[in-house]
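Following: one structure in structure tokens, then a few remarks.
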Amino acid sequence: MAPNFGRAISFPLTPARSFSKPRHVRSVSLPGTTSSHPLVANLHAHIATLRAWIQDTAAAASSLPAGLANIHALHAALADLLHLPASGAALRCTTSNAGNHLLDAFLLLADAHQGFQECLLELRHAAAESRAALRRGDAGRLASASRSQRRAEKDLVRLAASVSAVSTKCSRLNLVAGAEEAEMAGALVEAAAVSAAASAAVFSAASSMSSPASTCKKIAMFIPAFATKKAAVPETAEAAVERLHALERCFDECDSACDMVFRSVVQTRVALLNIMTPTI
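Quick note on the working numbering: the sequence shown kicks off at 6 and runs consecutively.
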């Protein structure tokens, strides 16, 4: 009996310490777990970066291009993750409706970013018109530019509210899939929620930047100084013109970044549609 017993002990080729902790070795070496996949870790890293940007109110108010770049980078990481078979399995899971919620969320995000592009174009034009009116002493032209500016700012506030609602809805999703599917779906839903929250911060920052720089009431007082060629308040008047010019440059820098974000959101939704639509 002793030789047989010895063979039974020595049959596994794993080290003795592995035999003492079979569950630990099995959980670490199990293939296909989402927690160990580098693409999931990469997505979480971009989520953390975007959350940090949102928390930094100073950055949100002064660095729109950086915020847009972070959103675009998040969607690039999301696109990589959506190519994994595990993503499709998690989104098609019958016990979770995450796929349909994400489709709705990214449709609203795409519409919002398209509207954001239009608002930025209008704000940039209003700033240019205000600057020209200020230099020429044209109060009527300044008032018209100010009205356009206020309309765009109201649209930005509305867009920020709509995407904030998307973020809240995604954050409240109750995923009831299996452990592996829930982890993958949770990462995708979290990415959508953070993308929406960051988009709301970008829209609000653009509105807050525009208002003090080009409000008609604040810069109309400088028109006489330019119109009459008097130097009563030259530095202040020139500062108003420079603020408007800086606003134009900022919005101009955001133009290409806005287009990249819009396209990445659309591509994300197309990838989701391909996953959720059965192959015929």
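Idealized CB from N, CA, C, for every residue including glycine.
- Counting only residues of its own chain and dropping the five nearest sequence neighbours on each side, residue 117 has a CB closer than 7 Å to the CB of 164, 167, 168, 204.
- Nearest to residue 139 by alpha-carbon distance, out of 124, 250, 123, 74, is 250.
- The Cβ-Cβ distance between residue 84 and residue 276 falls below 8 Å.
- Here residue 68 carries a coil assignment [DSSP, helix/strand/coil].
- For residue 161, the closest alpha carbon among the candidates 142, 124, 131, 188 is that of 124.
- Excluding five sequence positions before and after residue 259, the CB atoms of its chain that fall closer than 8 Å to its own CB belong to 69, 70, 73, 125, 211, given in chain order.
- In the three-state scheme derived from DSSP, where H, G and I count as helix and E and B as strand, residue 273 is classed as helix.
- Residue 247 counts as exposed, since fewer than 16 other C-beta atoms from the protein chains shown sit within 10 angstroms of its C-beta.
- In this model, residue 103 and residue 144 are separated by some 53 Å (Cα to Cα).
- The beta carbon of residue 269 lies closer than 6 Å to those of 77, 80 in the same chain, with the five residues before and after it left out.
- From the listed residues 107, 58, 89, the smallest Cα separation to residue 278 is found for 107.
- By the neighbour-count criterion, in which 16 or more other beta carbons inside 10 Å mark a residue as buried, residue 88 falls on the exposed side.
- In the DSSP assignment, residue 98 falls outside any alpha helix (DSSP H) and carries neither an H nor an E.
- Looking at the backbone, the Cα of residue 55 and that of residue 200 are separated by about 8 Å.
- Beta-carbon to beta-carbon, residue 189 and residue 91 are separated by about 5 Å, close enough to satisfy the 8 Å threshold.
- DSSP places residue 160 in the helix class (H, G or I) of the three-state scheme.
- For the pair residue 257 and residue 158, the Cα-to-Cα distance works out to about 17 Å.
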